Ligand SMILES: Cc1cc2nc3c(=O)[nH]c(=O)nc-3n(C[C@H](O)[C@H](O)[C@H](O)COP(=O)(O)OP(=O)(O)OC[C@H]3O[C@@H](n4cnc5c(N)ncnc54)[C@H](O)[C@@H]3O)c2cc1C
């Protein structure tokens, strides 16, 4: 595992050790013994209120979304209680306590002064949005996990505005190598592997993932890569034709579009899916498509059926050697697929992911809520949630509060105030503010800010979020990983398509696990897609599936999958699983434009997010959705822009 493990690196390589897996055909009844800890929302002022310590179903947890769904379905206002005026008045109310909302509070205070009164309303029981901290107790030891946003990274160079904020928070990005034990797993003989499953490939088998076999920083050198490829070809349970196809994909130098210029070829590739390119143009067998299908899940939440061939080329996927494409990005390329070495250097992972950024922002806004003074001591600092919403504090964060309506008091063109209504503990309450920033998901905004012009509401509604599961499983030890020689597993046919040992980072007094007989966090990722349909439709259907799946079903799938993958290494789910936290994100990544489905992205015409983020009266609009780019620097940039727009009021 190299020093930089970006979201791209989570694309568990394509080129591809074997260890035949004989999976027991029975499950022990005790396997299902870990219960969901779906604790009811409590009052954030009550002693002991500590959401990071909750396990079970997290992410968009029960209690966080029901109100908004009722608003969406039209039933909320029919039986809504009479609104109670809190009498509170603010300079700024922010809807959404994710990184964008917290950064907006930071920028507003910088502009308006520390005494400016700011209220952040958040529908979840914790702040941070996708940047969610998961804490586990393993005996006397605290083990941290990231429930969502896992690192400081961006495929495009990190924005100047966001870099300044990261520095102001005290995060020294270039110092990252001193915290990560980058050679730990490799020194113990562990390598990335691919798990072939019986249903898809005829047998359960763990095989070397040959893209990650070398010893240089990127994990690949020519000799090791070639040896890895040969090992893969020998061991992978693929037909002779599929092996031949795989080898051909990597080595063949055929021009499939003779006579076309590089630009014309790219224009074609931008309009065909990579899956279609592989089958119809290159002529590889379906087995290869199945093998590569889940490769883009960590990046886009869809498979290669919904990723343009041009983007696949940008990501370095095989099959383009003979096309002699000009290396510059083609029209309509996704920003994630444009290689940028400068961007790759700016990487930092805290054990709780970017929840540390959220916590540093909160500490700046409300110093009494989180002890400490540095970007490293924040890792172990325990937040005091009772301090988040104190009347004496100029900035307040109110959790478990779903904003259901935002409207100007009078004509939006001249009104001096907005009224914000929110639902909490079965009560409808109102506050007033001179300004309001909507830093929540864009799909929500048309329901709560009905004054907005119809074209803007339509543009906001098109921001379909990408549904994802980020599952953290605390296990007793990782000796099974060691026996199987696996540090990370890509499993294209399984429920979770990746299973990775935690990134070994020790920082601020927090020590990562270094010995295989110690407990460790295993991260599993699932993208919920419906291959063959347009991306937005896949996301919509996936979202419904995530909301309607019970924790018990998630748990059963996790246990079954870990038994099949790790059982041959001696793993026993009943004995070895200590805790499970399923971070469910039906509203996950911001939807990024896709040349297969979004003509405007190819044309270079105005994008929906440009229409969606226009200010309106005393309202400004932030969130990563506002630039259709699922990264923290985007969430920060959009917060900054929204504050600049308010300053013009
Ligand atoms: C699983 C996952 C992994 C990711 N990994 C990375 C990564 O490694 N690096 C990276 O740069 N980016 C990553 N991202 C992208 C991530 O979305 C952004 O980096 C950033 O955290 C987004 O912040 P945000 O404030 O714009 O949105 P969010 O974090 O979604 O915050 C918006 C908040 O508004 C709240 N809200 C919505 N409606 C209402 C309402 N009616 N009332 C009150 N509150 C409301 C939401 O509940 C949410 O808490 C990841 C995203 C996901 C889902």
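Residue numbers (this note's numbering): 3 to 651.
Glycine is no exception: its CB is placed at the ideal position from the N, C-alpha and C atoms.
Model, not experiment: these values are computed from the prediction.
Residue pairing by DSSP places residue 636 in no beta bridge whatsoever. Assignment of residue 69 by DSSP, reduced to helix, strand and coil, places it in the helix class. When C-beta atoms of the region 478-486 are compared with those of the region 166-185, fewer than three pairs fall below 8 Å, so the two segments do not count as touching.
Taking the CA atoms as reference points, residue 119 sits about 45 Å from residue 308. Shown here, residue 307 sits in a helix according to DSSP, grouped into three states. For residue 279, the secondary structure class from DSSP, reduced to helix, strand or coil, is helix. Rounded to whole angstroms, residue 331 and residue 300 show a C-alpha spacing of 21 Å. The shortest CA-to-CA distance from residue 197 to any of 507, 568 and 641 is the one to 568. Residue 587 and residue 61 have their C-alpha atoms some 6 Å from each other.
A Cβ-Cβ distance of about 13 Å is found for the pair residue 628 and residue 101, leaving them out of contact under the 8 Å criterion. A direct Cα-to-Cα measurement between residue 204 and residue 514 gives close to 37 Å. Distance from the Cα of residue 462 is smallest, within the candidate group 455, 477 and 444, for 444. Runs of the alpha helix (DSSP H) lying entirely within the region 142-173, each at least 4 residues long, are 162-170 in chain order. Annotation note: the region 541-568 contains the following uninterrupted alpha helix (DSSP H) runs of length 4 or greater, listed N- to C-terminal: 553-568. Taken atom to atom, the span from the alpha-carbon of residue 648 to that of residue 459 is near 20 Å.
Closest in C-alpha terms to residue 472, from the list 341, 365 and 355, comes 355. By the Cβ rule, the region 123-135 does not count as touching the region 331-344, because fewer than three pairs are nearer than 8 Å.
Sequence-distant partners of residue 340 (beyond 5 residues in either direction) whose C-beta falls short of 8 Å from its own C-beta, in its chain, are 157, 158, 316 and 331. Under the three-state reduction of DSSP output, residue 108 falls in the helix class. If the five residues before and after residue 127 are omitted, its C-beta is found closer than 6 Å to the C-beta atoms of 43, 53, 401 and 402, all from its own chain and listed in chain order. Selection 245, 517 and 606 evaluated against residue 189 yields 517 as nearest (Cα-Cα). In the same chain as residue 387, and ignoring 5 residues on each side of it, the C-beta atoms closer than 7 Å to its own belong to 46, 51 and 52, in chain order. Membership of residue 449 in any beta strand (DSSP E) is not indicated; the residue belongs instead to the alpha helix (DSSP H) covering 447-450. One alpha carbon belongs to residue 363, the other to residue 457, and they sit about 34 Å apart. Counting C-beta pairs closer than 8 Å gives fewer than three between the region 558-573 and the region 277-294, which falls short of the contact rule. C-alpha of residue 59 to C-alpha of residue 199: approximately 27 Å in a straight line. DSSP lists 529 and 587 as the beta-bridge partner residues of residue 470.
Under a 10 Å Cβ-count criterion, residue 415 is classified as exposed, with fewer than 16 other Cβ atoms of the shown protein chains found around its own Cβ. Inter-segment contact for the region 417-435 and the region 603-610 is absent: fewer than three beta-carbon pairs are separated by less than 8 Å.
Taking a C-beta distance under 8 Å as the contact criterion, residue 380 and residue 353 do not qualify as a contact pair. Fewer than three beta-carbon pairs drawn from the region 101-110 and the region 321-328 are found closer than 8 Å, and the two stretches are therefore not classed as touching.
Around the beta carbon of residue 552, fewer than 16 other beta carbons sit within 10 angstroms, so the residue counts as exposed. As a beta-bridge residue in DSSP terms, residue 210 pairs with 195. The beta carbons of residue 347 and residue 370 sit no closer together than 8 Å. Secondary structure at residue 437: strand, using DSSP grouped into helix, strand and coil. Taking each of 192, 92, 211 and 522 in turn and checking the Cα distance to residue 394, the smallest one comes out for 92.
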